[in-house]
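Note that our numbering has the sequence shown beginning at 25, numbered continuously upward. Beta carbons are placed, not taken as given, at the ideal position from N, Cα and C, and that holds for glycine. Okay, so here's the structure we're looking at.
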Amino acid sequence: MIDLTKLIELYISRKDKFAKSEDRAKRRLEYFTEISEIESNKDMSSDEKRARKNSAAQKLTGNGLASYDLVDYYFRHPNFINFEVIAPIVGFWDQVLIKTTDESGRITKLDLNMKTYSKEVFMALFSLVFFAFIFLACMSLGSWFINYMASNFYISKSVIGIGYLILISPIFCFWLLLFYWFLNLTDLKRLVK
25 MIDLTKLIEL YISRKDKFAK SEDRAKRRLE YFTEISEIES NKDMSSDEKR ARKNSAAQKL
85 TGNGLASYDL VDYYFRHPNF INFEVIAPIV GFWDQVLIKT TDESGRITKL DLNMKTYSKE
145 VFMALFSLVF FAFIFLACMS LGSWFINYMA SNFYISKSVI GIGYLILISP IFCFWLLLFY
205 WFLNLTDLKR LVK
């Protein structure tokens with residue numbers, strides 16, 4: 025139903041880690057220098073070049089999901105400015121993408137596999153509705169649960185109420201994370217042009 029590794033990765037990489045533009049410019053300069061050195065080196069095999077280019081792309085983006093192919097595609101795409109931010113987001117949904125490449129292996133066009141994309145959207149929407157239902161059920165049963173515990177265990181209603189809120193707050197936080205996942209997924213159509 026829910027891939028927790030995807031949720032954790034989305035939560036971790038939700039912010040742009042390189043807020044300062046000077047730092048971003050320095051990273052870009054290092055990236056382009058490293059890529060030009062790799063391409064000009066005739067002693068390396070094509071596999072080693074690919075691995076080093078992917079490492080340079082991951083160093084630029086600060087994310088292990090980024091590949092050189094995606095960073096290069098978004099760098100060449102005129103509609104996107106922060107290619108190092110977009111590439112890991114799109115790379116996260118790699119199984120949904122259809123990549124069209126030219127003779128040299130560079131990505132020329134990205135499309136969505138609509139069957140897989142629709143499945144992911146359905147699962148995200150189902151998860152959202154499911155956890156919203158669980159949270160609302162917990163909220164509607166809250167008064168009954170608090171009164172039951174207070175009358176049977178002789179504990180103050182306010183103490184049980186605080187404990188109950190602490191008990192159901194992870195459900196709400198998880199719902200917010202699912203909501204972010206859903207928004208990220210629906211934004212993928214805009215990022216894949």
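- Message: Taking the beta carbon of Gln82 as the centre, do at least 16 other beta carbons fall within 10 Å, making it buried, or is it exposed?
- Response: buried
- Message: One question on the structure: do Trp199 and Phe155 come within less than 9 angstroms of each other, judged by their Cβ atoms?
- Response: yes
- Query: On the three-state DSSP scale, how would you describe Leu89?
  - Reply: Correct three-state label for Leu89: coil.
- For my contact list, Phe116 and Phe107 are in at a C-beta cut-off of 8 angstroms; report their separation, rounded to the angstrom. Between Phe107 and Phe116 the Cβ distance is about 15 angstroms, and since that is not below 8 angstroms, they are no contact.
- Task: Compare the C-alpha of Phe150 against each of Asp71, Glu54, Phe203 and name the closest.
- Result: Phe203
- Exposed unless 16 or more other CB atoms sit within 10 angstroms - verdict on Asn171: exposed
- Message: So, for Pro194: in the same chain, excluding its five sequence neighbours on each side, which residues have a beta-carbon less than 7 angstroms away from its beta-carbon?
- Response: Spatial neighbours of Pro194 in its own chain (CB-CB distance under 7 angstroms, excluding positions within 5 residues in sequence) are not present.
- Task: Measure the Cβ-Cβ separation of Phe206 and Ala148 and say whether it is below 9 angstroms.
- Result: yes
- Does the distance from the C-beta atom of Ile218 to that of Leu212 stay below 9 angstroms? Any property of residue 218 remains undetermined from this structure, which presents the chain solely from 25 to 217.
- Task: Please confirm whether Ile122 and Asp93 have their CB atoms less than 9 angstroms apart.
- Result: No.
- Please name the residue in Ala174, His101, Leu160, Ile158 whose C-alpha comes closest to that of Lys133. Closest by alpha carbon: His101.
- Below 8 angstroms on the Cβ atoms is my guess for Ile110 versus Leu215; work out the distance and round it to an integer in Å. 6 angstroms
- Query: Which word fits Glu63, buried or exposed, when buried means at least 16 other C-beta atoms lie within 10 angstroms of its C-beta?
  - Reply: exposed
- Tell me where the alpha helix (DSSP H) around Leu202 begins and ends. 181 to 215
- Message: By DSSP's criteria, Leu136 is part of a beta bridge. Which residues make up the other side?
- Response: According to DSSP, which records beta bridges pairwise, Leu136 is partnered with Leu121.
- Task: Using 10 angstroms around the beta-carbon of Val120, count the other beta-carbons present and answer buried if the total reaches 16, otherwise exposed.
- Result: Residue burial annotation: Val120 is buried, with at least 16 other C-beta atoms found within 10 angstroms of its C-beta.
- Item | Closest by C-alpha distance to Ser164, when choosing among Phe146, Tyr188, Asn176 | Tyr188
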